[in-house]
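For the sequence shown, this note's numbering gives the first residue as 1, with consecutive numbering after it.
Everything on this sheet refers to the single structure shown next.
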Amino acid sequence: MLQSMQGKVPFAYKNDKSMLDLKKKYVRVRGVKHNKYIEFDFSIGDPELFVELVLPFKMFETFCSKNEVEHLPAEKDVHNEYERMTWRTGESRKIVFKN
């Protein structure tokens, strides 16, 4: 039984008994500061439970790659600033933006 639960923990959320998958990781871009730093939410297993982080752009890209994150919809007003940063650095990571 323990082997079949590897990477998952029992988790009750909103009266729903389910398994929290610790292998799933999520990022939601919240903002760009001083054209240098990315503000974002990072979560493991449940996108509604997150920590707020700030990293320089290149470190953010590395963080996302190493953690194999799923990008969640970002705020629309962040779109232009983020796109400018990706263009300037030659990175082409696509993120989804809310309408």
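We put the CB at the ideal spot given by N, CA and C, even for glycine.
Quantities reported herein were computed from a predicted structural model and do not represent experimental measurements.
Assigned secondary structure, residue i (DSSP; H/G/I helix, E/B strand, else coil)
i          : result
residue 32 : strand
residue 83 : helix
Span of the beta strand (DSSP E), counted from its first residue to its last, around residue i
i          : result
residue 60 : Where residue 60 is concerned, there is no enclosing beta strand (DSSP E), although the alpha helix (DSSP H) it sits in stretches over 57 to 67.
residue 39 : 37 to 44
Status (buried if at least 16 other CB within 10 Å, exposed otherwise) for residue i
i          : result
residue 28 : buried
residue 54 : exposed
residue 78 : buried
Spatially closest choice to residue i from the options, by CA coordinates
i           : options           : result
residue 61  : 78, 45, 37 and 46 : 37
residue 100 : 55, 57, 40 and 56 : What is shown of the chain runs 1 to 99, which leaves residue 100 out entirely.
residue 70  : 82, 47 and 51     : 47
residue 68  : 19, 34, 33 and 43 : 43
residue 51  : 25, 34, 35 and 84 : 25
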